[in-house]
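Number of protein chains: 2
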Amino acid sequence: MLAAATSAPADATGNGAVAFLQACRAAGMDTCIANPGTTELAFVRAFDHVPGWRVVPALFEGVCTGAADGYGRMARRPALTLTHLGPGFANGIANLHNARRARSPIVNVIGDHTSAHLPFDAPLTSDIDSLARPVSAWVAHLDDAAHAARIGREAVQQALASGGQTASVVFRADAQAAAAPAVVPGAGVLAVPQRAGVAPAAVQEALRRLRQGRTLLLVGGDALGEQGLCAAQRIAVQTGAALYCETFPARIERGGGLPAPERFPYFPEPAFALVQGFDTVLVAGALEPVTYFGYAQFPSRIVEPHRLHMLAGACDAAGDALSALADALGCAAWVPAPMQAPRVLPDGAMDGAAAARAVAAWLPQDAIVSVEGGTMGYPFFTASASSARHTVMTNTGGAIGQGLPVAVGAALACPGRRVVCVQSDGSAQYTLQALWTMARERLPVTVVIAANQRYGVLQNELVRDGVKVIAGAAAALTSLADPSLDWVALARGYGVPGAAVRDGGALREALDASLAVAGPYLVEVLL
Amino acid sequence: MLAAATSAPADATGNGAVAFLQACRAAGMDTCIANPGTTELAFVRAFDHVPGWRVVPALFEGVCTGAADGYGRMARRPALTLTHLGPGFANGIANLHNARRARSPIVNVIGDHTSAHLPFDAPLTSDIDSLARPVSAWVAHLDDAAHAARIGREAVQQALASGGQTASVVFRADAQAAAAPAVVPGAGVLAVPQRAGVAPAAVQEALRRLRQGRTLLLVGGDALGEQGLCAAQRIAVQTGAALYCETFPARIERGGGLPAPERFPYFPEPAFALVQGFDTVLVAGALEPVTYFGYAQFPSRIVEPHRLHMLAGACDAAGDALSALADALGCAAWVPAPMQAPRVLPDGAMDGAAAARAVAAWLPQDAIVSVEGGTMGYPFFTASASSARHTVMTNTGGAIGQGLPVAVGAALACPGRRVVCVQSDGSAQYTLQALWTMARERLPVTVVIAANQRYGVLQNELVRDGVKVIAGAAAALTSLADPSLDWVALARGYGVPGAAVRDGGALREALDASLAVAGPYLVEVLL
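So this is what it looks like as structure tokens:
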């Protein structure tokens, strides 16, 4: 028997889990990525009683939460994750950390012991609250099936609030299985709340600054859609402002002649050097720029307060604000730039940058690109300015292991669009189980692994600190060689075909091959 | 540069990280399993300035913590883990949950941002405390290098307390790198504190119960070493008591003619049926038996209070208590049972139980066996009663993904002993990156995967609840087929050789082959 399941009707209709799923479905949800255990079996069975749900299995919880992140970024509505008590949920925390920074709407259901069992400190008893709160804007407890429908709807509402956030529901096994009234039909789909508008005074101050001196326009969030990018470009053309986007955008439209801002620099030296050239850094839709880590030689704030003007915050209607600003400046309408011919990759040996340019040149129309890691990620973004129109998602929170699951979620959210993962090898290891979900669901994902067999970012930091030869413990802990990872074998292990390539011709062939298979395909770029 | 590293001497000697490592080394530690990031680079470099540390890389933090668990169970002293802020640490929580239930001594170092950087909400800023507390008996903050040596020593002391527990240190990047006095030499190795003795009255009550009626003797913890098992067996022989061990022992000595208790049943039906036959359940070294999950048909407590006598708690000196009890009963000395001839496995097709018997029959002398999952795990344990002398470790906390990392830790703790993983496929997926660490460190581990392509325990629970045909969402979320996992390919991806087998002859050959290679070897048993 399930945990306390016999208190529910034998066919599992009309219990707390069913009511919860009905409420979420009515509110507009339809996708669940799950890795359940015994305390979630009543919930699992409830899916068969609520039409319209797609239930996607994952072998690891970080895949569930990362996929929900990718889904939320693309669909602008939450996916559901289902995980097993505190320890199972804990495996999903890293990608929820990233999702929080991406402002992705997500609803987590975390199973818990039957209420009567909690005092007995059985092996899986855990402090779920303490684990969930750091990555959840809202945590609810469902220990009474009568509240399941209400809490289900509220969870969706919470997930859509504040520009997108994580709502977690700790759902006790007995409440899942206990009888509950069916959801009253008629409750409508919940819409994304309108973003907060920007005060006219903030626009006026931006106008004053743009007219007064050299301006760096830093755009993020809502300003990275077509409207915001075009408005920003109009302003840049009119005023001579330099246009950058935030370093790690959750989602940015790109290619096809769209205005193509470069990313604000990651390392402090180029970031501080960049901003020195400007009287004002004008921010629309991004957070104030701070260094990624704390460094003794640099303050955390990259821009002195008097040189910073926040036109629109990260949750605000930054696209609208930029449009209003462009109109107030009397900017000309945006004219798409003529597309540059893609650079052709030579057939010979290549480095990460050359491989990234090849992927950018090859990118299919309307692709979604999940970028994780710098080896190919930075040069890809630069090169993709002249790609076909596409959407890019990056790692927003710095918890690595996000690229593959986000690709899963994007593919679930956007059937018909090719998903491409531009992925470093080290970070791919944290959630490589995502490959199996791609294969199981026949998701059209081209995974391109930059296989340089090292944690490149750490070796870069060591070199920047004056280390001449990376040896000793630093070598032991930043090298992924000896043995090298064989990504084609790993992919095969998950039922994903693939090829390893060393030169440009083979890379182009492998990328094309990925389009010819029905599901995912992995290309290992040996660097 | 490292995070705030320039406040430290250029050669990294004499900083907070060095002092911490010196103190831990002086206290008796020598092994670190690590997955660091930028905020831990000063700590990484410090290893090169403190002789005697073995630094072991892992591709995923769950491998670090699970390996520390296995190390702690075997070495009876803590290993160090090193992880990257809240999100990196979070990936290690599941196996720390298990470690807590195993009472393994562990010291975690969790890097954090430089102090001055914390207010700026940079991407990796996280509530490490909230994440660490549920799985840590003790959490300390190291934000001043002057305290590094003291806190390092205290962390070891805390890890060894209460029969073994987890001590977590949140070590800010600036405190790692800031100058600190070297540790004063002479501080000695910290010993494991003596376990609490058992009150004579508890022994007297046990005597009374044993003489009065039918007794089930349930042993765990400290009673699962040779002393405790032999004392328990003497009592059982003398009094007719039935001897069982706890369902999920952290570590039990077994084989070679040792008394070989069966595991207390996992599912409630056999557990309640078993205890009905006894007037007293006498517990030594284990927790009171409760059901694993809450079930509507069963109370959580398996034994009514009046029929329960706790001779020794899970942290107490249960072996001594059993010896005292055996002496008080006037039991005869323990005589090893004659070894049974191992059952020979037929060459043909096999199920999980037959494969498990084959592994038990093959087991090398003094092997350490990490058991996770039921398919082969339960029958292996039964069969291993007549194996060569060995040590078994099981999944103590129910967070799956523990078997492979625990094997890593056991191999690090006990060079020269063969380690065997008897591992279900579903649970192996959560931390399969452990295979790479086995290959990198050339650890002599034979991994035997029970590949039945399903979450068997969940399908068993569904069947027990009356489900006739597992279909719909339940099938989608409990089947690991379509595509099937190819474990030999996955192993090859990590540089681990292996073979897939379908029959007894091939299994025996593959097991033997594992002994002929210098490092790990994986055997996939296709069920």
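Just so you know, the protein sequences line up as chains A and B, in that order. Read in this note's numbering, the first sequence has 290 at position 290, and its numbers run on one by one without any break. Read in this note's numbering, the second sequence has 693 at position 166, and its numbers run on one by one without any break. Built from N, CA and C at the ideal position, the CB exists for glycine as well.
Show which residues of chain B have a CB atom less than 8 angstroms away from the CB atom of residue i.
i                    : result
alanine 516(A)       : Per Cβ cutoff of 8 angstroms: no residues; alanine 516(A) is ~18 angstroms from chain B at best.
phenylalanine 272(A) : What phenylalanine 272(A) touches in chain B: nothing, since even the nearest Cβ is about 13 angstroms away.
serine 130(A)        : Ser657, Leu658, Arg660 and Pro661
arginine 101(A)      : Pro650
Looking only at C-alpha atoms, which of the options sits nearest to residue i?
i                : options                                        : result
glutamate 288(A) : Leu216(A), Val335(A) and Gln238(A)             : Leu216(A)
serine 827(B)    : Leu658(B), Leu717(B), Thr818(B) and Arg781(B)  : Thr818(B)
glycine 840(B)   : Asp893(B), Gly747(B) and Phe825(B)             : Gly747(B)
glycine 519(A)   : Asp503(A), Val371(A), Pro497(A) and Pro105(A)  : Pro497(A)
glycine 615(B)   : Met601(B), Gly638(B), Asn625(B) and Ala554(B)  : Gly638(B)
glycine 504(A)   : Asn15(A), Leu527(A) and Asp482(A)              : Leu527(A)
glutamate 154(A) : Gly493(A), Val44(A), Pro134(A) and Asn108(A)   : Asn108(A)
arginine 209(A)  : Met393(A), Gly86(A), Ala241(A) and Gly152(A)   : Ala241(A)
alanine 1033(B)  : Gly943(B), Ile976(B), Thr1005(B) and Asp874(B) : Asp874(B)
tyrosine 521(A)  : Leu190(A), Arg440(A), Asn460(A) and Ile106(A)  : Arg440(A)
aspartate 127(A) : Ser657(B), Ser653(B) and Gly812(B)             : Ser657(B)
aspartate 529(A) : Thr923(B), Lys995(B) and Gly1020(B)            : One cannot answer for residue 529(A) here, as it falls past the ends of chain A, which runs 1 to 527.
So which residues of chain A does residue i contact, with C-beta pairs closer than 8 angstroms?
i                : result
threonine 902(B) : What threonine 902(B) touches in chain A: nothing, since even the nearest Cβ is about 16 angstroms away.
valine 582(B)    : Ala473, Ala476 and Leu477
serine 653(B)    : His97 and Pro134
glycine 924(B)   : Pro87, Pro123 and Leu124
leucine 1049(B)  : None at all; the shortest Cβ gap to chain A is about 11 angstroms.
Starting from residue i, find everything on chain B with Cβ-Cβ shorter than 7 angstroms and list it in chain order.
i                : result
glutamate 246(A) : Neighbours of glutamate 246(A) on chain B: none; closest Cβ ~11 angstroms, over 7 angstroms.
Which same chain residues, not among the five before or five after residue i, have their C-beta less than 8 angstroms away from its C-beta?
i                    : result
leucine 1012(B)      : Asp952, Gln956, Ala978 and Gln980
glycine 456(A)       : Gly373, Gly374, Thr375, Ser424 and Gly426
serine 642(B)        : Asp670, Arg699, Asp701 and Ala702
glycine 409(A)       : Ile33, Gly66, Ala67, Ala68, Asp69, Gly70, Tyr71, Gly72, Arg73, Met74 and Ala79
valine 419(A)        : Ala367, Ile368, Val369, Ser370, Ala407, Ala410, Ala411, Leu443, Pro444, Val445 and Thr446
phenylalanine 799(B) : Phe825 and Ile829
alanine 707(B)       : Gly541, Asn542, Gly543, Val545, Ala546, Ala672, Ala673, Ala675 and Ala676
valine 716(B)        : Ala553, Ala554 and Gly555
cysteine 941(B)      : Met601, Ala602 and Ile895
arginine 54(A)       : Asp30, Thr31, Cys32 and Leu412
Given that residue i touches chain A, what residues does it touch there, using C-beta distances under 7 angstroms?
i               : result
tyrosine 905(B) : The premise fails here: tyrosine 905(B) is roughly 16 angstroms from chain A at the closest Cβ pair, so nothing lies under 7 angstroms.
alanine 617(B)  : Ala90, Ile93 and Ala94
valine 571(B)   : Ala473, Ala474 and Leu477
leucine 1038(B) : Residues of chain A passing the Cβ test: none, with the nearest at roughly 21 angstroms.
Within its chain, find whatever has a CB closer than 7 angstroms to the CB of residue i; leave out the 5 residues flanking it on each side and keep chain order.
i                 : result
methionine 528(B) : Only weak support is given to the placement of methionine 528(B): the predicted model assigns it a pLDDT of 35, under 50, and the question is left unresolved by the model.
glutamate 567(B)  : Leu609, His611 and Gly638
glycine 752(B)    : Glu780 and Gly846
arginine 76(A)    : Val192
Suppose the cutoff is 6 angstroms on Cβ atoms and the five residues either side in sequence are ignored; what does the same chain contact list for residue i look like?
i                : result
serine 387(A)    : Gly255, Ala360 and Leu363
glycine 579(B)   : Arg552 and Asp557
leucine 59(A)    : Gln433 and Trp436
glutamine 549(B) : Val577 and Val710
Residues of chain B with CB closer than 9 angstroms to the CB of residue i, please, in chain order.
i                : result
arginine 492(A)  : Asp1013, Ala1016, Leu1017, Arg1019 and Gly1020
aspartate 482(A) : Ala966, Arg967 and Gly1022
Does the Cβ of residue i lie closer than 7 angstroms to at least one heavy atom of the ligand GDP?
i              : result
proline 906(B) : With respect to small molecules bound, the structure shown includes none, and the ligand GDP cannot be examined in it.
List, in chain order, every chain A residue whose beta-carbon is nearer than 9 angstroms to that of residue i.
i               : result
tyrosine 819(B) : Thr38, Ala122, Pro123 and Leu124
Applying a beta-carbon distance threshold of less than 9 angstroms, which residues of chain C neighbour residue i?
i                    : result
phenylalanine 574(B) : Included in the structure are the protein chains A and B, with no chain C among them.
Inset, instruction - Run through the region 250-300 of chain A for me and flag every whole alpha helix (DSSP H) of 4 or more residues, listed as ranges in chain order. - result: 268-276
Inset, instruction - For the region 57-73 of chain A, enumerate the residues whose C-beta is nearer than 7 angstroms to any C-beta of chain B, in chain order. - result: Pro57, Leu59 and Phe60
Legend entry - Interfacial residues, the region 416-433 of chain A to chain B, with Cβ spacing under 7 angstroms: Gln429, Tyr430 and Gln433
Legend entry - Contact list for the region 104-122 of chain A against chain B, Cβ threshold 7 angstroms: His113, Thr114, Ala116, His117, Phe120 and Ala122
Legend entry - Against chain B: residues of the region 18-33 of chain A by CB proximity under 7 angstroms: none
Legend entry - Within 7 angstroms of chain A by C-beta, residues of the region 689-700 of chain B in sequence order: Ala700
Inset, instruction - Please specify which runs of the alpha helix (DSSP H), each continuous and at least 4 residues long, are wholly inside the region 568-634 of chain B, giving them in chain order. - result: 568-573, 588-602, 612-617 and 620-629
Legend entry - Minimum length 4: unbroken alpha helix (DSSP H) runs contained in the region 650-705 of chain B: 655-659, 675-687 and 700-704
Inset, instruction - May I ask you to list, following chain order, the residues of the region 257-272 of chain A that have a beta carbon less than 7 angstroms from some beta carbon of chain B? - result: none
Legend entry - Secondary structure, beta strand (DSSP E): runs of 3+ residues fully inside the region 321-398 of chain A: 367-372 and 390-393
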